[in-house]
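Chemist:
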Amino acid sequence: MTLVQQIKATSLSALQTLYPDASFDISQIAVNQTKPEFSGHYTVVLFPFVKSLRCKPNELGEKLGEYLVQHTSLFDAHQTVSGFLNLSIKDSVFTNFLLNHFNDTCYGTAAKNDTRVMVEYSSPNTNKPLHFGHLRNNFLGFAVSNILKADGQQVVMANLVNDRGIHICKSMVAWQQFGNGATPESTGIKGDHLVGDYYVRFNDEYKKQIAALVADGKEQAVAEKEAPIMQAAQNMLRDWEKGDEKVRELWSKMNGWVYTGFDKTYARLGISFDKYYYESETYLLGKKIVEEGLERGVLFKKVDGSVWVDLTDEGLDQKLLLRGDGTSVYITQDLGTAKLKYEEYKLDQSIYVIADEQNYHMQVLQLIMKKLGEPAWQGIRHLSYGMVELPSGKMKSREGTVVDADDMIDEMIALAKEQTEAAGKTEGFSAEELQALYEMIGIGALKFYLLRVEPKKKMIFDPKESIDLHGYTATFIQYAHARICSILRREDLPLMPDTSHFQSFSLTEELTKSEGKLLLALEQFPEMMKAAAVEYSPSVLCNYAFSLAQLFNSFYDDHPIAKAATEEKKNLRLMIIVMTAQVLRHAMKLLGIRLPEKM
RNA sequence: GGCUUCGUAGUACAAUGGAUAGUAUAAGAGUUUCCGAAGCUCCAGAUCCAGGUUCGAUUCCUGGCGAAGCCA
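Residue numbers (the numbering used here): 7 to 605.
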């Protein structure tokens with residue numbers, strides 16, 4: 007049990023003992039960390055009780071505080087200030103905590119449970135490379151998956167690849183017409199970029215053809231339909247759906263290039279998946295459950311034969327599910343895939359990491375599943391995240407300001423190199439070690455910058471600011487970690503106090519303020535993990551890791567470790583920094599960020 | 001037009017309904033005979049507006065204003 011939980015529990019039983027006639031609930035007890043200007047570590051808010059108990063807040067505080075100090079072994083002092091009961095934790099509570107956990111690599115990880123959850127993320131299209139906006143999705147999905155695993159849940163990381171459709175045919179047609187057999191090997195261009203180039207080429211050509219037709223006197227809308235290259239793409243899509251061998255072969259070949267490219271990018275980002283779904287295999291799903299819904303009268307048919315769902319009772323409108331010709335629409339296959347996932351993995355939770363422009367779509371998806379009586383509906387959760395914008399405007403391919411993900415990664419690594427060299431910190435590394443370090447710093451900075459903001463908020467990515475390795479960044483945390491490792495490398499200090507030493511370990515001196523603050527923060531790690539898991543919010547861990555690094559830096563500045571007054575103090579401080587490094591590594595690992603031992 | 005989300009120092013972000021609203025940057029002042037100064041210390045600066053609920057509102061509710069997204 008964490009300290010906060012213990013404080014709540016002991017306060018509850020204390021209140022029940024002191025006021026046997028009243029009834030209390032644990033949810034009424036608010037425990038906060040005590041503000042620095044008051045003495046104490048944790049604060050119980052008294053106002054919620056004064057009304058029913060008909061007493062003055064400060065009287066209650068004195069009574070409760072006195073009881074807690076007398077009857078528990080947690081506290082050594084209490085002080086009531088205007089309705090707040092400030093409690094001081096005994097030093098021995100902290101030192102016992104430290105002895106129990108300082109070298110525990112599982113500290114913060116919850117026991118395994120049976121909750122089965124799928125996190126679908128990344129989900130790229132195979133007609134172009136990943137762009138910068140995708141990075142937030144990838145980092146979020148990966149971090150949330152790790153956080154839920156650490157919370158003890160059984161997690162499947164899934165990637166639903168959008169590998170078919172008119173947009174895929176566009177790049178295929180352009181490659182056929184203009185590619186002259188170009189391959190990633192023959193051109194030296196990464197596969198996803200090569201295919202993306204032909205997608206761009208298609209659109210250029212399409213615009214030209216429209217302009218030519220309009221110049222011939224055609225209406226704009228007619229020209230858009232009749233442009234030969236667009237017709238070629240549509241024919242190709244029909245051939246693809248018929249299973250035309252040549253088209254399928256080209257499709258497999260070009261998608262293969264893209265996957266090779268994506269795999270490289272994922273590897274650099276340190277991101278992986280347990281399960282791939284391909285839209286080419288799922289796009290026909292969903293029709294069946296729609297037809298069943300129609301039979302049961304949950305859905306209705308219009309005169310043209312199209313099938314609809316009426317969501318007006320839910321405050322929405324009517325949604326098309328099957329066209330008059332029986333073909334499905336986008337949401338139909340999502341219904342089918344949701345059911346498939348649920349049945350394949352017996353999911354309790356199915357999390358979709360998708361940008362907030364899909365909020366409406368996801369809401370509709372869940373509502374329809376519910377209406378259709380599909381049990382999967384309950385577990386559907388949209389982890390919606392806001393767009394990443396540039397200071398100059400939105401990052402969308404249409405507007406020409408698109409920033410490529412691979413380029414961004416290269417840029418970050420280059421900047422890490424530049425800054426490290428400028429700071430003169432390259433000594434003692436081999437060339438390979440330096441390259442690995444630059445990747446760790448550059449990609450770490452990028453990940454942290456995108457994860458530190460609460461997912462649902464849109465954010466501005468300022469390249470200039472993101473390369474600033476000072477401040478609220480991964481680099482700051484990495485640096486703190488490297489400093490700790492540097493101390494632990496010293497030969498005149500025992501790397502790790504051995505356990506036999508602990509037996510006789512006694513702490514006669516009081517903890518200093520810095521020591522206490524750092525220990526308090528370390529003790530809060532499990533709470534933070536839980537909060538991050540409950541809120542699906544890696545930003546909680548970003549905040550936590552950063553404040554831990556800050557506390558360490560202050561502690562480090564205040565206290566010499568090698569020259570501590572006593573051996574006990576020296577060992578205590580060593581244990582504190584060993585544990586600090588441990589927790590920093592753990593928290594950051596869940597975010598997908600590694601910490602160097604030297605930098 | 002309808003629905004959803006967001007409005008906090010110059011800027012970028014925090015704050016289960018709780019104390020004098022935190023942190024980082026940029027601006028100002030210090031700090032290296034002593035374990036890594038990519039550090040630390042000090043100093044300034046903000047809740048869009050108007051109501052309501054509450055002992056207490058950045059947080060919850062209503063109405064404006066502003067921004068983004070989605071649906072027709």
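Virtual Cβ for every residue (Gly too), placed ideally from N, Cα, C. The structure presented is a predicted model; accordingly, all values stated were derived computationally and were not measured.
Please confirm whether residue 91 and residue 50 have their CB atoms less than 8 Å apart.
Modeler: For the purposes of this step, residue 91 is taken as residue 85 along the first sequence, with counting starting at 1. For the purposes of this step, residue 50 is taken as residue 44 along the first sequence, with counting starting at 1. Taking 8 Å as the Cβ cut-off, residue 91 and residue 50 qualify as a contacting pair.
Chemist: Residue 162 lies in the beta strand (DSSP E); which residues open and close that run?
Modeler: For this step, residue 162 is matched to residue 156 along the first sequence. Taken as a continuous stretch (DSSP letters only), the beta strand (DSSP E) holding residue 162 covers 160 to 167.
Chemist: Tell whether a beta-carbon distance below 8 Å holds between residue 594 and residue 551.
Modeler: As a working note, residue 594 is residue 588 in the first sequence. As a working note, residue 551 is residue 545 in the first sequence. Contact: yes.
Chemist: For residue 145, name the three-state secondary structure that DSSP assigns.
Modeler: As a working note, residue 145 is residue 139 in the first sequence. Here residue 145 sits in helix by DSSP.
Chemist: Using a Cβ distance threshold of 8 Å, determine whether the stretch 206 to 226 contacts the stretch 85 to 103, with at least three qualifying pairs required.
Modeler: Short answer: they don't touch.
Chemist: Let's see if you can read the secondary structure: which residues bound the beta strand (DSSP E) around residue 80?
Modeler: As a position in the first sequence, residue 80 is number 74, starting the count at 1. Counting along the chain, residue 80 falls outside any beta strand (DSSP E), and DSSP gives it neither H nor E.
Chemist: Tell me where the beta strand (DSSP E) around residue 242 begins and ends.
Modeler: Here residue 242 refers to the residue found at position 236 of the first sequence. Run containing residue 242: none in the beta strand (DSSP E); it sits in the alpha helix (DSSP H), 234 to 248.
Chemist: How would you label residue 588, buried or exposed, when you count the other beta carbons within 10 angstroms and need 16 or more for buried?
Modeler: Looking up residue 588 in the first sequence gives position 582. With 16 or more Cβ atoms within 10 Å of its Cβ, residue 588 is classed as buried.
Chemist: How big is the Cα-Cα spacing for residue 596 and residue 149?
Modeler: Here residue 596 refers to the residue found at position 590 when the first sequence is read from its first residue. Here residue 149 refers to the residue found at position 143 when the first sequence is read from its first residue. Residue 596 and residue 149: Cα-Cα distance of roughly 6 Å.
Chemist: If the criterion is Cβ atoms closer than 8 Å, does the pair residue 454 and residue 443 meet it?
Modeler: Taking the first sequence and counting its residues from 1, one reaches residue 454 at position 448. Taking the first sequence and counting its residues from 1, one reaches residue 443 at position 437. Contact: no.
Chemist: So, residue 337 versus residue 367, is the Cβ gap smaller than 8 Å?
Modeler: Along the first sequence, read from residue 1 onward, the residue named residue 337 stands at position 331. Along the first sequence, read from residue 1 onward, the residue named residue 367 stands at position 361. Yes.
Chemist: Is residue 316 helix, strand or coil by DSSP?
Modeler: Within the first sequence, residue 316 is the residue found at index 310, counting from 1. Looking at residue 316 - three-state DSSP - the assignment turns out to be strand.
Chemist: Within a Cβ cutoff of 7 Å, which residues of the same chain sit near residue 543, ignoring the five residues on either side of it in sequence?
Modeler: Looking up residue 543 in the first sequence gives position 537. The residues are 460 and 461.
Chemist: From residue 582 to residue 10, what does the alpha carbon distance come to, in whole angstroms?
Modeler: To locate residue 582, count along the first sequence from 1; it is residue 576. To locate residue 10, count along the first sequence from 1; it is residue 4. Each residue's alpha carbon lies about 20 Å from the other.
Chemist: List the residues that DSSP assigns as beta-bridge partners of residue 306.
Modeler: Here residue 306 refers to the residue found at position 300 when the first sequence is read from its first residue. Paired residues: 314.
Chemist: Please report how far the alpha carbon of residue 403 lies from the alpha carbon of residue 121, in whole angstroms.
Modeler: Counting from one through the first sequence, the residue named residue 403 turns up at place 397. Counting from one through the first sequence, the residue named residue 121 turns up at place 115. Confidence at residue 403 is low in this model, with a pLDDT of 41, below 50, so its placement is unreliable and the value that follows should be read with caution. Their Cα atoms are separated by approximately 39 Å.
Chemist: Check residue 170 in the structure and name its three-state DSSP category.
Modeler: Taking the first sequence and counting its residues from 1, the one referred to as residue 170 is at position 164. DSSP places residue 170 in coil when its eight states are reduced to three.
Chemist: Report all residues from its chain with a CB closer than 7 Å to the CB of residue 52; omit the five preceding and five following residues, and keep chain order.
Modeler: Translated into the one-based positions of the first sequence, residue 52 becomes position 46. Taken in chain order, the residues that qualify are 63, 66, 67, 89, 90 and 91.
Chemist: Rounded to a whole number of angstroms, what is the C-alpha to C-alpha distance between residue 401 and residue 393?
Modeler: Indexing the first sequence from 1 puts residue 401 at position 395. Indexing the first sequence from 1 puts residue 393 at position 387. Low confidence applies to residue 401: its pLDDT is 49, below 50, so where it sits in the model is not reliable enough to give any reading.
Chemist: Would you decide whether residue 84 is buried or exposed? Buried here means 16 or more other CB atoms lie within 10 Å of its CB.
Modeler: Indexing the first sequence from 1 puts residue 84 at position 78. Residue 84 should be labelled buried.
Chemist: What did DSSP end up calling residue 284 once you bin it into helix, strand or coil?
Modeler: Numbered from 1 along the first sequence, position 278 holds the residue referred to as residue 284. DSSP places residue 284 in strand when its eight states are reduced to three.
Chemist: In terms of residue numbering, what span does the beta strand (DSSP E) encompassing residue 274 cover?
Modeler: As a working mapping, residue 274 is identified with position 268 in the first sequence. From DSSP, residue 274 is part of no beta strand (DSSP E) but of the alpha helix (DSSP H) over 251 to 275.
Chemist: I'd like to check one pair, residue 342 with residue 419: are the Cβ atoms closer than 8 Å?
Modeler: Here the question's residue 419 lines up with position 413 in the first sequence. Here the question's residue 342 lines up with position 336 in the first sequence. No, the pair does not count as a contact, with Cβ atoms beyond the cut-off.
Chemist: Put residue 122 into one of helix, strand or coil per three-state DSSP.
Modeler: On the first sequence, position 116 is the one that residue 122 refers to. If DSSP states are grouped into helix, strand and coil, residue 122 belongs with the strands.
Chemist: Rounded to whole angstroms, what is the Cα-Cα separation between residue 80 and residue 142?
Modeler: Here residue 80 corresponds to residue number 74 of the first sequence, with the count starting at 1. Here residue 142 corresponds to residue number 136 of the first sequence, with the count starting at 1. Approximately 43 Å, taken between the alpha carbons.
Chemist: I need the straight-line Cα distance from residue 5 to residue 430, nearest angstrom please.
Modeler: Absent from the model: residue 5. The displayed extent of the chain is 7 to 605, so no value can be given.
Chemist: Which same chain residues, not among the five before or five after residue 32, have their C-beta less than 8 Å away from its C-beta?
Modeler: One-based indexing of the first sequence puts residue 32 at position 26. The residues are 14, 15 and 18.
Chemist: For residue 309, count neighbouring Cβ atoms within 10 angstroms of its own Cβ and tell me buried if that reaches 16, exposed if not.
Modeler: Residue numbering aside, residue 309 sits at position 303 when the first sequence is read from its first letter. With fewer than 16 Cβ atoms within 10 Å of its Cβ, residue 309 is classed as exposed.
Chemist: For residue 390, write down the residues that DSSP places opposite it in a beta bridge.
Modeler: To locate residue 390, count along the first sequence from 1; it is residue 384. Paired residue(s): 360.
Chemist: Below 8 Å on the Cβ atoms is my contact criterion, and I expect residue 357 with residue 329 to pass it. Report the Cβ-Cβ distance as a whole number of Å.
Modeler: Here the question's residue 357 lines up with position 351 in the first sequence. Here the question's residue 329 lines up with position 323 in the first sequence. No, residue 357 and residue 329 are not in contact; Cβ-Cβ is about 30 Å, not under 8 Å.
Chemist: Could you pull the DSSP bridge partners for residue 92 from this structure?
Modeler: Residue mapping note: residue 92 aligns to position 86 of the first sequence, counting from 1. Residue 92 is bridged to 49 and 85.
Chemist: Quick one: what's residue 131 bridged to in DSSP?
Modeler: As a first step, residue 131 is located in the first sequence; it is residue number 125 there, counting from the start. Residue 131 is bridged to 168.
Chemist: Have a look at residue 381 and residue 353 and give me their C-alpha separation to the nearest angstrom.
Modeler: Indexing the first sequence from 1 puts residue 381 at position 375. Indexing the first sequence from 1 puts residue 353 at position 347. Residue 381 and residue 353: Cα-Cα distance of roughly 10 Å.
Chemist: Closest to residue 186 by C-alpha separation, out of 174, 518, 204 and 176, would be which residue?
Modeler: Within the first sequence, residue 186 is the residue found at index 180, counting from 1. Among 174, 518, 204 and 176, the Cα nearest to that of residue 186 belongs to 204.
Chemist: How many angstroms separate the CA atom of residue 379 from the CA atom of residue 285?
Modeler: Mapped onto the first sequence, residue 379 falls at position 373. Mapped onto the first sequence, residue 285 falls at position 279. Cα to Cα, residue 379 sits roughly 24 Å from residue 285.
Chemist: Roughly how many angstroms separate the alpha carbons of residue 555 and residue 458, rounded to a whole number?
Modeler: Locating residue 555 in the first sequence gives position 549, where the first residue counts as 1. Locating residue 458 in the first sequence gives position 452, where the first residue counts as 1. Roughly 15 Å separates the two Cα atoms.
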